[in-house]
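Accompanying notes for the structure given below.
Number of protein chains: 2
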Amino acid sequence: MEDDTMPRTTFLPVVRELARCYQAFERLSGRHIRQLGLTAGQFDVIATLGGTDGMSCRELGDATLITKGTLTGVLDRLAERGLIERCACSGDRRSITVRLTPAGQALFDNSFDAHLAHLKPAFDQLAPDELAETGALLARLREALESEAPDCCEIQNN
Amino acid sequence: MEDDTMPRTTFLPVVRELARCYQAFERLSGRHIRQLGLTAGQFDVIATLGGTDGMSCRELGDATLITKGTLTGVLDRLAERGLIERCACSGDRRSITVRLTPAGQALFDNSFDAHLAHLKPAFDQLAPDELAETGALLARLREALESEAPDCCEIQNN
DNA sequence: TATTGTTATACTCTATAACTATA
DNA sequence: TATAGTTATAGAGTATAACAATA
Chain Y
0 MEDDTMPRTT FLPVVRELAR CYQAFERLSG RHIRQLGLTA GQFDVIATLG
50 GTDGMSCREL GDATLITKGT LTGVLDRLAE RGLIERCACS GDRRSITVRL
100 TPAGQALFDN SFDAHLAHLK PAFDQLAPDE LAETGALLAR LREALESEAP
150 DCCEIQNN
Chain S
0 MEDDTMPRTT FLPVVRELAR CYQAFERLSG RHIRQLGLTA GQFDVIATLG
50 GTDGMSCREL GDATLITKGT LTGVLDRLAE RGLIERCACS GDRRSITVRL
100 TPAGQALFDN SFDAHLAHLK PAFDQLAPDE LAETGALLAR LREALESEAP
150 DCCEIQNN
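Here the protein sequences come in this chain order: Y and S.
Numbering that gives the first Met the number 0 numbers the first residue of the first sequence as 0 and each following residue consecutively.
Numbering that gives the first Met the number 0 numbers the first residue of the second sequence as 0 and each following residue consecutively.
Printed below as a string of structure tokens:
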């Protein structure tokens, strides 16, 4: 028997494909985002804030998965360029509200649709039910991965 | 009709799930890799070299998707720790062969299986046919993404 | 001329932790 | 004491381009 040479696991190909697929996405997406003069993190913030009336750094960090310390730097660079503004307009005076400026909103309005248009030809190569199935399976896998990664509990943050 | 408020695209949820799923994987995987004293890039190199008799920087860069300039630094750090070695043993004297040292091979033998064991509980939550389907769909999507990202042609590299 | 790998620069992100000002 | 956000540090990755040696 040649069982010694059998793959050690059945999930390794999925790991590989997940990584390759994400990297391929990042390459296609990132190229366009860089053309807009933004980094991936900056675009993430703009896209998250777009269409909202602002949110706190904590909410923004949770939504974008950008680390607290990094977020300050990202917001600094976006604020320098006049795309976002910070204001102390919430009840809790420890907290600030981050929102898009009119210029940031304009960038969002233009760039977000343009970005989707940039990505669309790739995703159009899959049938709608394939896309739906992909999304559903990825959600299943994400839940499984998160259940093993105990940082969903933000209790031990200090 | 309320079509104006319909989602602009059908693939946006897939994008979100792909990003979330990969990030969840990176978090689970990265935690363990860091415990080994390696970064993701370093582990990628070790895992790629493991079980081979070495390869050139070019091949290694292609396999790991690590940028040429970055690869030099990654290899420097691995070489400092005695995990890889570079030798000029190929016919082409511009090229070098990178391979694991015995210490690197030992690290690979131990850490790779341990890493798989670390990940296994998460992937075990999906049925084998779900995993197979996930891998197949991710491969489909990756091919679609790559077909729109013209850097598969390494011709315009200069 | 083209290719392999190295070097250099400037920027960004990560992880970590200390710090402030509030609560 | 705990939380929100900032600051600081060290390390690593990215993009880009110039460079030396070789093909």
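All C-beta atoms, glycine included, are put in the ideal place defined by N, C-alpha and C.
Under a Cβ-count criterion, where at least 16 other Cβ atoms within 10 Å of its own Cβ denotes burial, should residue i be classed as buried or exposed?
i	result
residue 126 of chain Y	exposed
residue 34 of chain Y	exposed
residue 47 of chain S	buried
residue 17 of chain S	buried
residue 89 of chain Y	exposed
residue 71 of chain Y	exposed
residue 133 of chain S	buried
residue 143 of chain S	buried
residue 116 of chain Y	exposed
residue 162 of chain S	Because chain S spans 0 through 157 in this model, residue 162 of chain S falls outside it and cannot be assessed.
residue 61 of chain S	exposed
residue 68 of chain S	exposed
residue 113 of chain Y	exposed
residue 148 of chain S	buried
Do residue j and residue i count as a contact pair if the criterion is CB distance below 8 Å?
i	j	result
residue 19 of chain S	residue 23 of chain Y	no
residue 118 of chain Y	residue 27 of chain Y	yes
residue 45 of chain Y	residue 106 of chain Y	yes
residue 52 of chain S	residue 98 of chain S	yes
residue 85 of chain S	residue 74 of chain S	yes
residue 81 of chain Y	residue 96 of chain Y	no
residue 49 of chain S	residue 111 of chain S	yes
residue 94 of chain S	residue 55 of chain S	yes
residue 163 of chain Y	residue 122 of chain S	Because chain Y is modelled from 0 through 157, residue 163 of chain Y falls outside the range shown and cannot be assessed.
residue 65 of chain S	residue 103 of chain S	no
Would you give the residue range spanned by the beta strand (DSSP E) that residue i belongs to?
i	result
residue 99 of chain S	96-99
residue 86 of chain Y	83-86
In terms of residue numbering, what span does the alpha helix (DSSP H) encompassing residue i cover?
i	result
residue 214 of chain S	Residue 214 of chain S lies beyond the stretch modelled for chain S, which goes from 0 to 157, so this question has no answer here.
residue 20 of chain Y	11-34
residue 45 of chain Y	39-48
residue 61 of chain S	56-63
residue 71 of chain Y	67-79
* Using a beta-carbon distance cut-off of less than 8 Å, what residues from the region 85-107 of chain S approach chain Y? -> none
* Asked: What residues in the region 45-57 of chain S bring their beta carbon closer than 8 Å to a beta carbon of chain Y?
  -> none
* **Residues from the region 132-150 of chain S in contact with chain Y, defined by Cβ distance under 9 Å** => 132, 133, 134, 135, 136, 137, 138, 139, 140, 141, 142, 143, 144, 145, 146, 147, 148, 150
* Asked: Mind listing which residues of the region 54-79 of chain S have their C-beta closer than 8 Å to chain Y's C-betas, in chain order?
  -> 64
* **Residues in the region 117-133 of chain Y having any Cβ partner in chain S nearer than 9 Å** => 117, 118, 119, 120, 121, 122, 123, 124, 125, 127, 129, 130, 131, 132, 133
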